[in-house]
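Please read the structure below before turning to the comments.
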Amino acid sequence: MRNTSQNRTAGLSPDDAARIARRYPRPRVPTWLFGGIALVIALVLAGYWVVLSWQNTKAIQFDGQLASYRVDSPTQMSGLARVARHATGTTGVCTVFVEAYDYERVGELDIAVPARADGEPSVAEIPVTVRTVRPGLHMDIEKCRAA
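Here the sequence shown stands for residues 18 to 164, where the numbers follow this note's numbering.
So, in structure tokens, the structure goes:
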């Protein structure tokens, strides 16, 4: 059912209907215009997000993950980092960090990623040992970037 003045004032006297119509006039801007403007804004923002995502993914030259890790002592953890090198001839740096049980960073180390030569596999396996100030619980890798 459409929301017209006849529906809103059904069952009222003509004087009451006129009073309500004067008090609550029709909107000056059509309601469909607000939906159209919201749709245009949403499309512009979605397009902006797609362009930014595309630019960020094409700039990735190194991508790292920690294959395994172990606690060697209360002040040391070691692990194996696997770093995918997408560009040949470019050296890189990745940051490996250790967190304690309360998520506080208790150790951090920047590891050098050697450049990939032609014919070499794109994934480099790099052993890592991080010294900590407190017993560590979790080890992870982040911020892989070109050096």
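Quick reminder that beta carbons are idealized off the backbone N, C-alpha and C, glycines included.
These numbers were taken from a predicted model, which means no experiment stands behind them.
- DSSP places valine 68 in the helix class (H, G or I) of the three-state scheme.
- Distance between leucine 29 and isoleucine 37, taken at the CA atoms: about 10 Å.
- The shortest C-alpha to C-alpha distance from glycine 153 to any of Asp80, Ser139, Arg122 and Asp33 is the one to Arg122.
- By the CB criterion at 8 Å, glycine 81 and arginine 99 fall inside the cutoff.
- Spatial neighbours of serine 70 in its own chain (CB-CB distance under 7 Å, excluding positions within 5 residues in sequence) are not present.
- Under the DSSP assignment, proline 144 falls in the beta strand (DSSP E) whose first and last residues are 140-148.
- The stretch 108-123 makes no contact with the stretch 52-72, as fewer than three CB pairs between them are under 8 Å.
- Closest in C-alpha terms to alanine 129, from the list Ala117, Glu142 and Asp135, comes Glu142.
- By the Cβ test, the stretch 146-163 is in contact with the stretch 80-95, since at least three Cβ pairs between them sit closer than 8 Å.
- Cβ contact annotation for leucine 126 (same chain, cutoff 7 Å, sequence separation greater than five): Val113, Val145 and Val147, in chain order.
- The three-state secondary structure of arginine 39, taken from DSSP, is helix.
- With a threshold of 16 other beta carbon atoms within 10 Å, tyrosine 41 falls short and is exposed.
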